[in-house]
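Undergrad:
Number of protein chains: 2
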Amino acid sequence: MFELLKTDFQTKARLGKLTTAHGVVETPVYMPVGTQASVKALDPRELLEMGTQIILGNTYHLNLRPGLDIIRVANGLHKFMNWEKPILTDSGGFQVFSLAKIRKIKPHGVEFRSHLDGSLLFLGPKEAMDIQRVLGSDIAMVFDECPPHDAPAREQRLAVERTIRWARECREQPRADGQKVFGIVQGGSNAALREECAKAIVPMEFDGYAIGGVSVGEPEPEMLKAIEFTVPHLPAHKARYAMGLGTPAQMIELIARGVDMFDCVLPTRVARNGTAFTRRGAFGIKGGAYKADFRPIEDNCDCFACKNFTRAYLRHLLNANEILGLRMVSVHNSHLFLKIMAEVRAAIAAGTFAEFYREFITNYTPSQKILAQRRRETER
Amino acid sequence: MFELLKTDFQTKARLGKLTTAHGVVETPVYMPVGTQASVKALDPRELLEMGTQIILGNTYHLNLRPGLDIIRVANGLHKFMNWEKPILTDSGGFQVFSLAKIRKIKPHGVEFRSHLDGSLLFLGPKEAMDIQRVLGSDIAMVFDECPPHDAPAREQRLAVERTIRWARECREQPRADGQKVFGIVQGGSNAALREECAKAIVPMEFDGYAIGGVSVGEPEPEMLKAIEFTVPHLPAHKARYAMGLGTPAQMIELIARGVDMFDCVLPTRVARNGTAFTRRGAFGIKGGAYKADFRPIEDNCDCFACKNFTRAYLRHLLNANEILGLRMVSVHNSHLFLKIMAEVRAAIAAGTFAEFYREFITNYTPSQKILAQRRRETER
Numbered sequence: 015m016f017e018l019l020k021t022d023f024q025t026k027a028r029l030g031k032l033t034t035a036h037g038v039v040e041t042p043v044y045m046p047v048g049t050q051a052s053v054k055a056l057d058p059r060e061l062l063e064m065g066t067q068i069i070l071g072n073t074y075h076l077n078l079r080p081g082l083d084i085i086r087v088a089n090g091l092h093k094f095m096n097w098e099k100p101i102l103t104d105s106g107g108f109q110v111f112s113l114a115k116i117r118k119i120k121p122h123g124v125e126f127r128s129h130l131d132g133s134l135l136f137l138g139p140k141e142a143m144d145i146q147r148v149l150g151s152d153i154a155m156v157f158d159e160c161p162p163h164d165a166p167a168r169e170q171r172l173a174v175e176r177t178i179r180w181a182r183e184c185r186e187q188p189r190a191d192g193q194k195v196f197g198i199v200q201g202g203s204n205a206a207l208r209e210e211c212a213k214a215i216v217p218m219e220f221d222g223y224a225i226g227g228v229s230v231g232e233p234e235p236e237m238l239k240a241i242e243f244t245v246p247h248l249p250a251h252k253a254r255y256a257m258g259l260g261t262p263a264q265m266i267e268l269i270a271r272g273v274d275m276f277d278c279v280l281p282t283r284v285a286r287n288g289t290a291f292t293r294r295g296a297f298g299i300k301g302g303a304y305k306a307d308f309r310p311i312e313d314n315c316d317c318f319a320c321k322n323f324t325r326a327y328l329r330h331l332l333n334a335n336e337i338l339g340l341r342m343v344s345v346h347n348s349h350l351f352l353k354i355m356a357e358v359r360a361a362i363a364a365g366t367f368a369e370f371y372r373e374f375i376t377n378y379t380p381s382q383k384i385l386a387q388r389r390r391e392t393e394r
Numbered sequence: 015m016f017e018l019l020k021t022d023f024q025t026k027a028r029l030g031k032l033t034t035a036h037g038v039v040e041t042p043v044y045m046p047v048g049t050q051a052s053v054k055a056l057d058p059r060e061l062l063e064m065g066t067q068i069i070l071g072n073t074y075h076l077n078l079r080p081g082l083d084i085i086r087v088a089n090g091l092h093k094f095m096n097w098e099k100p101i102l103t104d105s106g107g108f109q110v111f112s113l114a115k116i117r118k119i120k121p122h123g124v125e126f127r128s129h130l131d132g133s134l135l136f137l138g139p140k141e142a143m144d145i146q147r148v149l150g151s152d153i154a155m156v157f158d159e160c161p162p163h164d165a166p167a168r169e170q171r172l173a174v175e176r177t178i179r180w181a182r183e184c185r186e187q188p189r190a191d192g193q194k195v196f197g198i199v200q201g202g203s204n205a206a207l208r209e210e211c212a213k214a215i216v217p218m219e220f221d222g223y224a225i226g227g228v229s230v231g232e233p234e235p236e237m238l239k240a241i242e243f244t245v246p247h248l249p250a251h252k253a254r255y256a257m258g259l260g261t262p263a264q265m266i267e268l269i270a271r272g273v274d275m276f277d278c279v280l281p282t283r284v285a286r287n288g289t290a291f292t293r294r295g296a297f298g299i300k301g302g303a304y305k306a307d308f309r310p311i312e313d314n315c316d317c318f319a320c321k322n323f324t325r326a327y328l329r330h331l332l333n334a335n336e337i338l339g340l341r342m343v344s345v346h347n348s349h350l351f352l353k354i355m356a357e358v359r360a361a362i363a364a365g366t367f368a369e370f371y372r373e374f375i376t377n378y379t380p381s382q383k384i385l386a387q388r389r390r391e392t393e394r
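In structure tokens:
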């Protein structure tokens, strides 16, 4: 399924090619997130124009709404949402542990109440794989337990044990035609647990491996550690996916550490608050400084938003609660994430990724929150 | 400015051509409403694809946000919002009388408090024309007084008197290059007042004439009367514009009565609640009946929404509060209004409008509210 085309000679960055039932995905890749069968605020034409290769869908959410009966008669998620390129579906593990109310962990899954209407539901390896089979995603994820980053050691260990057991159960479930399945490594920021989990999951011979238990509230230095503790235990000939990450600079850092795939809601989520990403960091476009700024969001950007609209206009739209404002910032942000990945691939191919990395990280100013996390880490 | 190309031989329908500084507009025409410099949820490409010839902007709203200083340095509203085709701007009269808090009518305009921040503002003929000059709209509207439909007779008369006096003042104000100005006839559903107002306004030789004081909460039969009382007093060689109207069937009724131009927020406003217009009437797409309905919103519709998505998918998006849902219903509804106008123009040109009219009205089921208004009128 995964072809490793090149490994950078100075960093651990990799150039690869994922072949799926709905087409080829070049890696490193950013996957826009379409939780509820829609990448928020964007339409499929916009996604294609910005170079989207693969999007995400979500087992937990789609099972609640519209429900599997609808997706089944629609002949799968691709047809339901009119998206012909690859789809990866998350297993719902993360949502069961973060969104659902009153959950009870049982041997073969989790009993929980829907965050929408409180109805009693059950999701485990069998159910998650069954739903993903009906969704017909190109890549299904195993059902894992994803504890919060500050969970006590005992809980992290139990989560790893369940994740391993459930991965084995997922492995045995029927799949959709051509559907690939990725395993997930948990273990928090504990090196031994990460190693133990990876060493149990990898022999199960999944089609790719994800690093879960990141983007669960941990500071950036801990996230990087979790990745560094895991990657060495993953096989070189399978794709590696860091779940729920990250900012542009974080994706570059993770690529340099050997990660191939990313998904992140930031581009569309922060757009709804008027935050625009650029190659130099993010900024709030609603600020008074931009009220008569007739430049595009980012100079030399060829996205639909930057080709058509000024900061002053977008600021006005966002302040006046006009939907076009958040739409266009969503377009720009998503386009930027995808464009950076295309540049990363070109740099790895050209053997210039280390330079690209240094220049990118030098120019990029992380958010105040991330900078504070780094300071705390240095002071420790 | 207006060229009357043809008058239907069985009805009062007219085929015409409006020439403006930003291009030619074929009439009858539906004008999508971009109150705050954005047709809600739509981008300019979508507007052009659906055949939009001219859009509306609003003096009251744009003066508050982003404010004239910004529009001035942006070199006008067209450039600010990246819309190269014609724009008509409403004068703000309607908003001052419907939205603003605590207003005091003075000889040369209205003192009022902004509905946004309560700041004290003044808008009169001089101010409204000055703002529209800076906006640089192709067609500016005079500043009028627009009382509610149930205002007492004395108030209706005073409004007509002020509207006439203010129209004369507007007539004398400087304009943007090539900017045309339309007069407005008020007078509620009182035949004598409508005639009196028209007979005072028409000799002022405006570039076109609008019928105001409709779409102010009156039942449909009263609205039709207001139009019928006014049209005979308007000159044949000038364009006629029914402000704030209407549903597809109402536009067809008004075209048959000799009206050429329409603006209406319904297509985008009801879309946000999940209501879709069709040639047979409107329906709420969020209803359970559509959960596995894999037809487009309307059969044989060639809008972007109908070419790409099913009712089942749009229903899901709307119920899950996904922006793409309201976007796509806004696309379909606006496209339908524009498409019907294109078909009307073709029918008038072909001499088949009377047939088109009969068939359209026969097939179209108005809303329960409008049907109830008609029943009450018949029973009177």
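Quick note, the sequences are listed as chains A and B, same order.
Position 169 (the first sequence) corresponds to 183 in my numbering; numbering is contiguous.
Position 247 (the second sequence) corresponds to 261 in my numbering; numbering is contiguous.
Backbone N, C-alpha and C fix where the C-beta goes; we use that ideal spot for every residue, glycine too.
Out of Ala326/B, Met265/B, Phe276/B, state which residue places its alpha-carbon closest to the alpha-carbon of Ala303/B.
TA: In the second sequence, counting from the first residue as 1, residue 303/B sits at position 289. If we check each option's Cα against that of Ala303/B, Ala326/B comes out closest.
Undergrad: Would you say Met45/B faces chain A, with C-beta separation under 9 Å as the test?
TA: Your numbering for residue 45/B matches position 31 in the second sequence. No - not a single Cβ of chain A is within 9 Å of the one on Met45/B.
Undergrad: Cα separation between Leu268/A and Leu340/A?
TA: Residue numbering aside, residue 268/A sits at position 254 when the first sequence is read from its first letter. Residue numbering aside, residue 340/A sits at position 326 when the first sequence is read from its first letter. Using only the alpha carbons, I get a separation of about 28 Å.
Undergrad: Check each candidate in Lys353/A, Ile241/A, Asn335/A, Glu234/A and name the one with the smallest Cα separation from Phe291/A.
TA: Position 277 of the first sequence, counted from the first residue, corresponds to residue 291/A. Among Lys353/A, Ile241/A, Asn335/A, Glu234/A, the Cα nearest to that of Phe291/A is on Lys353/A.
Undergrad: Which residues in chain B sit within 9 Å of His349/A, going by Cβ to Cβ distance?
TA: Numbered from its first residue, the first sequence carries residue 349/A at position 335. Ordered by position in chain B, no residue passes the 9 Å Cβ test against His349/A, which lies about 14 Å from the chain.
Undergrad: How would you list, in chain order, the residues of chain B whose beta-carbon sits under 9 Å from the beta-carbon of Gln50/A?
TA: Along the first sequence, read from residue 1 onward, the residue named residue 50/A stands at position 36. Going along chain B in sequence order, the residues near Gln50/A (Cβ under 9 Å) are His330, Leu331, Ala334, Asn335, Glu336.
Undergrad: Taking contact to mean at least 3 C-beta pairs separated by less than 8 Å, is the region 63-73 of chain A in contact with the region 369-385 of chain A?
TA: The answer is no - the region 369-385 of chain A does not touch the region 63-73 of chain A, with fewer than three Cβ pairs under 8 Å.
Undergrad: Here's the rule I'm using: 16 or more other beta-carbon atoms within 10 Å means buried, otherwise exposed. How should Leu116/B be labelled?
TA: Here residue 116/B refers to the residue found at position 102 of the second sequence. Leu is not the amino acid found at residue 116/B; the sequence shown has Ile there. Result: exposed.
Undergrad: Alpha carbon to alpha carbon, how far is Ile318/B from Val345/B?
TA: Along the second sequence, one-based indexing puts residue 318/B at 304. Along the second sequence, one-based indexing puts residue 345/B at 331. Looking at the sequence itself, residue 318/B is Phe, so the reference to Ile does not match. If you take the alpha carbons of Phe318/B and Val345/B, they lie about 7 Å apart.
Undergrad: Starting from Met275/A and walking both ways along the beta strand (DSSP E), at which residues does that stretch end?
TA: Working through the first sequence from its first residue, we reach residue 275/A at position 261. Element bounds for Met275/A: 275-277.
Undergrad: When the Cα atoms are used, what is the spatial distance from Ser105/B to Ile145/B?
TA: If you number the second sequence from 1, residue 105/B lands on position 91. If you number the second sequence from 1, residue 145/B lands on position 131. Near 9 Å, if we compare the C-alpha coordinates of Ile145/B and Ser105/B.
Undergrad: Rounding to the nearest angstrom, what Cα-Cα distance links Arg266/A and Lys213/A in this structure?
TA: The residue labelled residue 266/A in the question sits at position 252 within the first sequence. The residue labelled residue 213/A in the question sits at position 199 within the first sequence. The residue you asked about is not Arg; residue 266/A is Ile in the sequence shown. Approximately 26 Å, taken between the alpha carbons.
Undergrad: If distances are taken between C-alpha atoms only, which option among Gly258/A, Asn347/A, Pro235/A comes closest to Arg388/A?
TA: Position 374 of the first sequence, counted from the start, is the residue given in the question as residue 388/A. Arg388/A has its Cα closest to that of Pro235/A, out of Gly258/A, Asn347/A, Pro235/A.
Undergrad: Do Leu76/B and Ala51/B have their CB atoms nearer than 9 Å?
TA: As a position in the second sequence, residue 76/B is number 62, starting the count at 1. As a position in the second sequence, residue 51/B is number 37, starting the count at 1. Cβ atoms of Leu76/B and Ala51/B: closer than 9 Å.
Undergrad: Could you check whether the Cβ of His75/A sits closer than 9 Å to any Cβ belonging to chain D?
TA: Protein chains A and B are contained in the structure displayed, whereas chain D is not.
Undergrad: Using a Cβ-Cβ cut-off of 9 Å, state whether Pro310/A counts as contacting chain B.
TA: The residue labelled residue 310/A in the question sits at position 296 within the first sequence. Not one chain B Cβ lies under 9 Å of Pro310/A.
Undergrad: Please report the distance separating the alpha-carbon of Leu82/B from that of Leu149/B.
TA: Counting from 1 along the second sequence, the entry for residue 82/B is found at position 68. Counting from 1 along the second sequence, the entry for residue 149/B is found at position 135. For Leu82/B and Leu149/B, the distance between alpha carbons rounds to 8 Å.
Undergrad: Assign Asp313/B to buried or exposed, taking buried as 16 or more other Cβ atoms, counted over all protein chains shown, within 10 Å of its Cβ.
TA: Mapped onto the second sequence, residue 313/B falls at position 299. That one is exposed.
Undergrad: Run through chain A and tell me which residues come within less than 8 Å of Arg79/B, C-beta to C-beta.
TA: Here the question's residue 79/B lines up with position 65 in the second sequence. Near Arg79/B (Cβ distances below 8 Å), the residues of chain A are His330, Asn333, Ala334.
Undergrad: Kindly indicate if chain B contains any beta-carbon less than 9 Å away from that of Ile215/A.
TA: To locate residue 215/A, count along the first sequence from 1; it is residue 201. Closer than 9 Å: no.
Undergrad: Going by DSSP, which residues form a beta bridge with Leu134/B?
TA: For the purposes of this step, residue 134/B is taken as the residue at position 120 of the second sequence. Answer is Arg127/B.
Undergrad: What do you reckon, are the CB atoms on Pro46/A and Pro380/A nearer than 9 Å?
TA: In the first sequence, the residue the question calls residue 46/A occupies position 32. In the first sequence, the residue the question calls residue 380/A occupies position 366. Cβ atoms of Pro46/A and Pro380/A: not closer than 9 Å.
Undergrad: Only counting the same chain, and skipping five residues up and downstream in sequence, which positions put a Cβ closer than 7 Å to that of Leu238/B?
TA: Against the second sequence, residue 238/B aligns to sequence position 224. Answer for Leu238/B: Glu267, listed in chain order.
Undergrad: Is the shortest distance between the beta-carbon of Arg341/A and the beta-carbons of chain B less than 9 Å?
TA: What you label residue 341/A is simply residue 327 of the first sequence in a count that begins at 1. Arg341/A counts as touching chain B.
Undergrad: Measure the CB-CB distance between Leu135/B and Phe157/B and report whether it falls below 9 Å.
TA: Locating residue 135/B in the second sequence gives position 121, where the first residue counts as 1. Locating residue 157/B in the second sequence gives position 143, where the first residue counts as 1. Taking 9 Å as the Cβ cut-off, Leu135/B and Phe157/B do not qualify as a contacting pair.
Undergrad: Which of the three DSSP states is assigned to Asp83/B in this structure?
TA: Within the second sequence, residue 83/B is the residue found at index 69, counting from 1. In this structure, Asp83/B counts as helix in the three-state DSSP scheme.
Undergrad: Anything in chain A within Cβ reach of Lys54/B, meaning under 9 Å, just list it in chain order.
TA: To locate residue 54/B, count along the second sequence from 1; it is residue 40. Glu336, Ile337, Leu338, listed in chain order.
Undergrad: Starting from Leu18/B, trace the beta strand (DSSP E) in both directions and tell me its first and last residue.
TA: Here residue 18/B refers to the residue found at position 4 when the second sequence is read from its first residue. Per DSSP, Leu18/B belongs to the beta strand (DSSP E) from 16-21.
Undergrad: Under 8 Å by Cβ, that's how I've got Gly222/A and Phe196/A pegged, so tell me the actual separation to the nearest angstrom.
TA: As a position in the first sequence, residue 222/A is number 208, starting the count at 1. As a position in the first sequence, residue 196/A is number 182, starting the count at 1. That pair is a contact at about 4 Å.
Undergrad: For a contact defined as C-beta to C-beta under 7 Å, what are the partners of Ala306/A on chain B?
TA: Here residue 306/A refers to the residue found at position 292 when the first sequence is read from its first residue. Ordered by position in chain B, the residues that pass the 7 Å Cβ test against Ala306/A are Ile84, Val87.
Undergrad: Who are the Cβ neighbours of Val230/A in its own chain at under 7 Å, not counting the five residues just before and after it?
TA: Within the first sequence, numbered from 1, the residue matching residue 230/A stands at position 216. The answer, listed in chain order, is Cys160, Pro162, His163.
Undergrad: Quick check on Tyr74/A: does DSSP put it in helix, strand or coil?
TA: For the purposes of this step, residue 74/A is taken as residue 60 along the first sequence, with counting starting at 1. In this structure, Tyr74/A counts as helix in the three-state DSSP scheme.
Undergrad: Can you tell me the Cα-Cα spacing of Ala206/A and Leu113/A, whole angstroms?
TA: The count along the first sequence starts at 1 and reaches residue 206/A at position 192. The count along the first sequence starts at 1 and reaches residue 113/A at position 99. Straight-line Cα distance between these residues: approximately 28 Å.
Undergrad: Can you find a C-beta in chain A that's less than 9 Å from the C-beta of Asn287/B?
TA: If you number the second sequence from 1, residue 287/B lands on position 273. Judged by the 9 Å Cβ criterion, Asn287/B is not in contact with chain A.
Undergrad: Under 9 Å, do Phe351/B and Ala270/B count as touching if we go by C-beta distance?
TA: As a position in the second sequence, residue 351/B is number 337, starting the count at 1. As a position in the second sequence, residue 270/B is number 256, starting the count at 1. Going by C-beta atoms, Phe351/B is not nearer than 9 Å to Ala270/B.
Undergrad: Using the rule of at least 16 other Cβ atoms within 10 Å of the residue's Cβ for burial, across every protein chain shown, is Arg208/A buried or exposed?
TA: Counting from 1 along the first sequence, the entry for residue 208/A is found at position 194. Buried, by the Cβ-count rule.
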